[in-house]
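Residue numbers (the numbering used here): 4 to 413.
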């Protein structure tokens, strides 16, 4: 294609931008662990990063590379590395980028497993400060001379707080700090973190990008905006003439090769095919989420609804400024006089599950499940109460979805 194409067109035809075996429309599954070369010099060149090719299956394969190209296009980045899960992607960044004594500033409103991982980082000698990322002043106040990273999510799970993304990006650019944005809750269709000066973008591919609940995966995309020659923790081994790729090379070597969180070819194929319908699914799911949030907010048995698309949401104006839509995740507090388990058990078409971003609508009692490990004190600081229910809205027929919640609340 000779002209710049739209979001979905670009993803649909990404595999065909380079020749594919036998004219296949999808990059085939490459299941080999090892790759052979006729010339030993070519093999050495691949290992040294001087030649194109694949060294060993733990570091990637052609099927995963095709998915990485799709994600890079979606995020308008310069390169992407894929991992077995979203958590592996975040962990690889921290492992490759941080050293003992380094400092991280993170949003306090985090996915539970990310919160747990940051606690592990603290125990290993990299200090983490948790702040209210809806206000850039809180981030600025937490910065220290040893701060290397600022980490935020676009929309928090499950209370849907929206980070002050643009102003945090301006702050990080001014201070020369790496800015990492987890784009999972919005997806690249609703928001591109590059627009707010993100250095690295994380996506849990398992969620909206894959969208079908049939494959785990995660990715890190370099936007090309950060000058890695200014970053002190790049190993001399990975300093090549193309400095924008220093960081991603180090993530691949230290985070992927050394720790082995490899995305398999089969999983990469599922995620790549799922990504092709991202825009269609997000438009439908976001519309369903808005309608459900409005219906729930008017129901007498619902105490509070958390959804950025509602004018009552504290960051509604900010979300309108940043995103093309408000996402498909919402949560609500049931009136405590009613048992949340009884309510959930009355739902008929909604699936009781811990995942999100599936094409099906999923529900879970947050405090009793995914946030239980962090304890009541940390949970209370994040607004996690016993009656809080998280809903990942899918693409069902809207009338059926609304009717299911209405009968369960009746």
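Each residue gets a CB set at the ideal place from its N, CA and C atoms; glycine is no exception.
All values reported here derive from a predicted model rather than from experimental measurement.
Cβ separation of residue i and residue j, assumed to be a contact under 8 angstroms, to the nearest whole Å
i           : j           : result
residue 189 : residue 330 : 6 angstroms
residue 273 : residue 217 : 5 angstroms
residue 3   : residue 174 : Since the first residue shown for the chain is 4 and the last is 413, residue 3 is missing from the structure and cannot be characterised.
residue 3   : residue 146 : Since the first residue of the chain shown is 4 and the last is 413, residue 3 is not available in this structure.
residue 129 : residue 169 : Going by Cβ atoms, the distance from residue 129 to residue 169 rounds to 27 angstroms, so no, they are not a contact pair.
residue 160 : residue 332 : 6 angstroms
residue 396 : residue 292 : 4 angstroms
Burial state of residue i (16 or more Cβ within 10 Å)
i           : result
residue 21  : exposed
residue 163 : buried
residue 36  : exposed
residue 348 : exposed
residue 117 : buried
residue 344 : exposed
residue 406 : exposed
residue 33  : buried
residue 122 : exposed
residue 198 : exposed
residue 44  : exposed
residue 110 : buried
residue 316 : buried
Minimum C-alpha distance to residue i - residue among the options
i           : options               : result
residue 212 : 234, 49 and 89        : 89
residue 355 : 365, 184 and 206      : 365
residue 83  : 102, 62 and 101       : 62
residue 340 : 292, 389 and 145      : 389
residue 30  : 71, 42 and 51         : 71
residue 214 : 400, 179, 359 and 350 : 359
residue 113 : 153, 127, 99 and 78   : 153
residue 252 : 42, 85 and 69         : 85
residue 52  : 353, 97, 242 and 167  : 242
residue 233 : 250, 123 and 187      : 250
residue 108 : 172, 408, 95 and 78   : 172
residue 267 : 200, 69, 369 and 294  : 69
residue 125 : 140, 110 and 105      : 105
residue 150 : 100, 185 and 120      : 100
Residue-chain proximity (residue i, chain D), Cβ-Cβ < 9 angstroms
i           : result
residue 108 : Given the protein chain composition of this structure (a single chain), no chain D is represented.
Query raised in the report: If you pair each beta-carbon of the stretch 260 to 268 with each one of the stretch 12 to 28, do three or more pairs fall below 8 angstroms?
Result: no
Report task. Examine the Cβ distances between the stretch 301 to 319 and the stretch 115 to 134 and report whether three or more of them are shorter than 8 angstroms. Result -> no
Query raised in the report: Does the pairing of the stretch 335 to 353 with the stretch 319 to 327 give three or more beta-carbon distances under 8 angstroms?
Result: no
Query raised in the report: Counting pairs of Cβ atoms below 8 angstroms between the stretch 310 to 319 and the stretch 273 to 283, do you hit three or more?
Result: no
Report task. Write down every uninterrupted run of the beta strand (DSSP E) in the stretch 91 to 168 whose length is 3 residues or greater and which is fully enclosed by it, in chain order. Result -> 106 to 110, 130 to 134 and 150 to 156
Report task. Ignoring anything shorter than 4 residues or poking outside the stretch 248 to 332, list the alpha helix (DSSP H) runs there in chain order. Result -> 249 to 253, 268 to 278, 281 to 300 and 319 to 325
Report task. Entirely within the stretch 55 to 80 and at least 4 residues each: give me those alpha helix (DSSP H) ranges in chain order. Result -> 65 to 78
Query - 3 or more residues per run - each beta strand (DSSP E) lying fully within the stretch 184 to 239 - result: 203 to 207 and 221 to 225
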